[in-house]
Amino acid sequence: GENVEQHPSTLSVQEGDSAVIKCTYSDSASNYFPWYKQELGKRPQLIIDIRSNVGEKKDQRIAVTLNKTAKHFSLHITETQPEDSAVYFCARMNYGGSQGNLIFGKGTKLSVKP
Amino acid sequence: NAGVMQNPRHLVRRRGQEARLRCSPMKGHSHVYWYRQLPEEGLKFMVYLQKENIIDESGMPKERFSAEFPKEGPSILRIQQVVRGDSAAYFCASSPQGGGGQPQHFGDGTRLSIL
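In order, the protein sequence lines correspond to chains A and B. Start counting the first sequence at 674; every next residue gets the next number (the working numbering). Start counting the second sequence at 116; every next residue gets the next number (the working numbering).
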């Protein structure tokens, strides 16, 4: 019930192609879904997030889609560049009460080949 | 506007010693979260604190681990009598408000190695 399943665990694409990472969850109380990018040895960096009252959000080459009925959300990166290579983590959080902790997926290692 | 500051960046301890990890939240943020990351894994929530209050410690091991966020100064994650299994990267995040739906911004982490 609490976990977030993230797929694929590794993804290799050619520069300029698109990359899609998908996460599924089972707790219907989840209402906030951020995505983090983590380069080797560095901090997780928030790149985009979405709330449950929105189905899609876009920021330049990055977009996130949310299907609350099916309980899955996806990260889309278009026109990938070598500097997009990193580990990407999805996460979910429940609204309300004192809960503030993020529950993370296990990550996707994205490699963009020039 | 300085980000979340953690120190030290690297910490080496021998088994049985104590480890103290510090975290100063972003300016204007009063909510702090600690996460642990094992190699090639995701982050696991440990504890959520507000100034002088522990809001949620459901992810903290029952023994040896404690956390505080005093009125003045940084948040401290304390691990007593460290064991090899405590080796990990410990990340702190902060948010301006608490509760669900608040973006959390992370520090650079403390890499703890136990000899």
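Backbone N, C-alpha and C fix where the C-beta goes; we use that ideal spot for every residue, glycine too. Every value quoted in this text rests on a predicted model; they were computed, and no experiment measured them.
Quick check on residue i: buried or exposed, where buried means 16 or more other Cβ atoms within 10 Å of its Cβ?
i	result
A/LYS715	exposed
B/HIS276	Only positions 116 to 230 of chain B appear in this structure, which leaves residue 276 of chain B out of reach.
A/ASN740	exposed
B/PRO140	buried
B/LEU192	buried
B/GLY224	buried
A/ASN767	buried
B/ALA117	exposed
A/ALA764	buried
B/LEU158	buried
A/ALA759	buried
A/GLY778	buried
B/VAL119	buried
A/ASP690	exposed
B/VAL162	buried
Going by C-alpha distance, which of the options is nearest residue i?
i	options	result
A/PHE762	A/PRO707, A/VAL785 and A/ALA743	A/PRO707
B/SER181	B/GLY131, B/ARG135, B/LEU153 and B/LYS159	B/ARG135
B/GLU155	B/SER209, B/ALA203 and B/LYS142	B/ALA203
A/VAL677	A/GLU688, A/SER703 and A/THR683	A/SER703
A/GLN718	B/SER209, B/PRO189 and B/GLN165	B/SER209
B/GLU183	B/LEU158, B/GLY157 and B/SER145	B/SER145
A/GLN754	A/HIS680, A/VAL686, A/SER682 and A/PRO681	A/VAL686
A/CYS696	A/VAL737, A/GLU712 and A/LEU713	A/VAL737
A/ALA692	A/SER747, A/ARG765, A/GLY778 and A/ALA764	A/SER747
B/LYS166	B/LEU230, B/ASN122, B/GLY188 and B/PHE160	B/GLY188
A/ILE723	B/PHE221, B/GLN217 and B/PRO123	B/GLN217
A/ALA743	A/ASP757, A/GLY728, A/GLU752 and A/ILE750	A/GLY728
A/GLU756	A/LEU713, A/LYS779 and A/HIS745	A/LEU713
What does DSSP give as the partner residue(s) for residue i in the beta ladder?
i	result
B/ARG151	B/LYS159 and B/TYR205
B/GLU183	B/ILE191
A/ASP700	Looking at the DSSP assignment, A/ASP700 forms no beta bridge with any residue, so it has no partner.
A/ALA764	A/PHE777
A/ASN726	A/ASN726 is not bridged to any residue.
A/ILE694	A/LEU748
A/ASP732	A/ILE735
B/LEU227	B/LEU126 and B/ALA203
B/HIS146	B/GLN165 and B/SER210
A/LEU684	A/LEU783
B/MET120	B/SER139
B/VAL198	In DSSP, B/VAL198 forms no bridge with anything.
B/ASP171	B/TYR163
A/ALA759	A/LEU783
Which whole-angstrom value describes the C-beta separation of residue i and residue j, a residue pair presumed to lie in contact below a C-beta threshold of 8 Å?
i	j	result
A/LEU775	B/GLN219	6 Å
B/LEU227	B/SER190	So it is not a contact: roughly 16 Å between Cβ atoms.
A/TYR709	A/ILE720	7 Å
A/GLY773	B/TYR148	7 Å
B/GLY143	B/PRO185	No, B/GLY143 and B/PRO185 are not in contact; Cβ-Cβ is about 18 Å, not under 8 Å.
So, does the CB of residue i fall closer than 9 Å to a CB anywhere in chain E?
i	result
A/ASP722	No chain E is part of this structure, whose protein chains are labelled A and B.
*Per the contact definition of three or more C-beta pairs closer than 8 Å, is the stretch 127-134 of chain B in contact with the stretch 193-201 of chain B?*
With three or more CB-CB distances shorter than 8 Å, the stretch 193-201 of chain B counts as touching the stretch 127-134 of chain B.
_Touch test, the stretch 728-744 of chain A against the stretch 772-787 of chain A, Cβ-Cβ under 8 Å, three pairs minimum_ = no
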